[in-house]
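Chemist:
Numbering (this note's numbering), first residue to last: 195 to 420.
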């Protein structure tokens, strides 16, 4: 993913088209709050922060473009969670991965929560970026890098810290819903949840300069329950 305020015209236009294409492809996912206004915001975000991992290029992860040079290095402190939106419980498993189970052709909504403790010597991150990607799709031409056969509404985002999330009151976090639905073609799958905590702005033409950031990755398993 490319994070930065200044981007080339071709890059943001391509990213905007990609977002619209994904939205059109997944239009059958019925979600409260997904409106034209939200789509406009997503396109605006794409203009500012075009995702490059597997979409506008062959980058396998965020570190292809960005430096892993920030102060948020402690794996024990970083907050990366996938929470059942309806029940409020974490979907984290004993091995550290996350498990999202959904009935075929039914929508399942979870919350992606990312952040850092408020009472810490390290400064609060300013912006979090994340992407759910199926590594097996990275070399394919499809705009969607999510698991084949699974419809998804928002597989990537770049968002300023400051959201309110129940259970995370002592942390500076971002929190956004992710809705998935396994179609008839869906099979169990495994995703990489790629995350970057960042502060500052990348230099145009050299995204490894000008921005502090730390990269993390988590495994997310998708399971179809027929």
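No residue lacks a Cβ here, since even glycine has one placed at the ideal position from N, Cα and C.
Note down, in chain order, each residue of its chain lying with its Cβ closer than 7 Å to the Cβ of residue 278, except the 5 sequence neighbours on either side.
Modeler: Here residue 278 corresponds to residue number 84 of the chain shown, with the count starting at 1. Excluding residues within five positions, the ones whose Cβ falls inside 7 Å are 285, 304.
Chemist: What does DSSP give as the partner residues of residue 360 in its beta bridges?
Modeler: On the chain shown, position 166 is the one that residue 360 refers to. Answer is none; residue 360 lacks a bridge partner.
Chemist: According to DSSP, is residue 317 helix, strand or coil?
Modeler: Here residue 317 refers to the residue found at position 123 when the chain shown is read from its first residue. If DSSP states are grouped into helix, strand and coil, residue 317 belongs with coil.
Chemist: Work out the CA separation of residue 359 and residue 270 for me, nearest whole Å.
Modeler: To locate residue 270, count along the chain shown from 1; it is residue 76. To locate residue 359, count along the chain shown from 1; it is residue 165. About 20 Å.
Chemist: What residue range does the beta strand (DSSP E) around residue 444 cover?
Modeler: Outside the shown range of the chain, which is 195 to 420, sits residue 444, and nothing can be said about it.
Chemist: Which value, in whole angstroms, describes the spacing of the CA atoms of residue 299 and residue 350?
Modeler: As a working mapping, residue 299 is identified with position 105 in the chain shown. As a working mapping, residue 350 is identified with position 156 in the chain shown. For residue 299 and residue 350, the distance between alpha carbons rounds to 22 Å.
Chemist: With a threshold of 8 Å, are at least 3 pairs of Cβ atoms found where one atom belongs to the region 408-415 and the other to the region 385-393?
Modeler: yes
Chemist: I'd like to know if the region 281-295 and the region 253-266 are in contact, where contact means that at least 3 CB-CB pairs between them fall below 8 Å.
Modeler: no
Chemist: Would residue 383 and residue 259 qualify as a contact pair, given that the criterion is a beta-carbon distance under 8 Å?
Modeler: For the purposes of this step, residue 383 is taken as the residue at position 189 of the chain shown. For the purposes of this step, residue 259 is taken as the residue at position 65 of the chain shown. No, the Cβ-Cβ distance between residue 383 and residue 259 is not below 8 Å.
Chemist: Counting Cβ pairs, one atom from each stretch, are 3 or more of them under 8 Å apart for the region 322-341 and the region 290-299?
Modeler: no
Chemist: Which word fits residue 216, buried or exposed, when buried means at least 16 other C-beta atoms lie within 10 angstroms of its C-beta?
Modeler: On the chain shown, residue 216 is found 22 positions in, with the first residue counted as 1. Below a pLDDT of 50, predicted positions are generally treated as unreliable, and residue 216, at 49, falls in that range; the measurement from the model is reported next regardless. Per the 10 Å Cβ criterion, buried.
Chemist: By the 10 Å Cβ neighbour count, where 16 or more other Cβ atoms means buried, how is residue 419 classified, buried or exposed?
Modeler: Taking the first residue of the chain shown as position 1, residue 419 is located at position 225. Flag for residue 419 reads exposed.
Chemist: In three-state terms, what does DSSP make of residue 352?
Modeler: Residue mapping note: residue 352 aligns to position 158 of the chain shown, counting from 1. Of the three classes helix, strand and coil, the one that applies to residue 352 here is strand, per DSSP.
Chemist: My understanding is that residue 381 touches residue 356, with C-beta atoms under 8 Å, so please give their C-beta distance in whole angstroms.
Modeler: Working through the chain shown from its first residue, we reach residue 381 at position 187. Working through the chain shown from its first residue, we reach residue 356 at position 162. About 37 Å separates the two Cβ atoms, so there is no contact after all.
Chemist: Do the CB positions of residue 377 and residue 291 come within less than 8 Å of each other?
Modeler: Stepping through the chain shown from its first residue, residue 377 is reached at position 183. Stepping through the chain shown from its first residue, residue 291 is reached at position 97. Against a cut-off of 8 Å, the Cβ pair of residue 291 and residue 377 comes out as no contact.
Chemist: Can you give the Cα-Cα distance for residue 364 and residue 313, rounded to whole angstroms?
Modeler: In the chain shown, residue 364 corresponds to position 170, counting from 1. In the chain shown, residue 313 corresponds to position 119, counting from 1. Those two C-alpha atoms are separated by around 8 Å.
Chemist: Please give me, in chain order, every unbroken run of the beta strand (DSSP E) with length at least 3 that falls completely inside the region 359-393.
Modeler: If one requires a minimum length of 3 residues, the beta strand (DSSP E) runs lying completely within the region 359-393 are 365-376, in chain order.
Chemist: Short of 8 Å in beta carbon distance, which residues of its chain neighbour residue 319, apart from the five on each side in sequence? Order them along the chain.
Modeler: For the purposes of this step, residue 319 is identified with residue 125 of the chain shown, where counting begins at 1. Around residue 319: 264, 266, 309, 310, 355, 366, 391, 392, 393.
Chemist: Beta carbon of residue 369, beta carbon of residue 301: below 8 Å?
Modeler: Translated into the one-based positions of the chain shown, residue 369 becomes position 175. Translated into the one-based positions of the chain shown, residue 301 becomes position 107. Residue 369 places its beta carbon 8 Å or farther from that of residue 301.
Chemist: Assign residue 224 to buried or exposed, taking buried as 16 or more other Cβ atoms, counted over all protein chains shown, within 10 Å of its Cβ.
Modeler: Translated into positions along the chain shown, residue 224 becomes position 30. Residue placement at residue 224 cannot be trusted, given a pLDDT of 46 that sits under 50; what the coordinates show is reported in the next sentence. Result: exposed.
Chemist: Do you know whose CA, among 276, 282, 268, lies nearest residue 325's CA?
Modeler: Working through the chain shown from its first residue, we reach residue 325 at position 131. Selected option, being the one with the closest Cα: 276.
Chemist: For residue 345, which beta-bridge partners are listed by DSSP?
Modeler: For this step, residue 345 is matched to residue 151 along the chain shown. Note: residue 345 sits in a beta bridge opposite 375.
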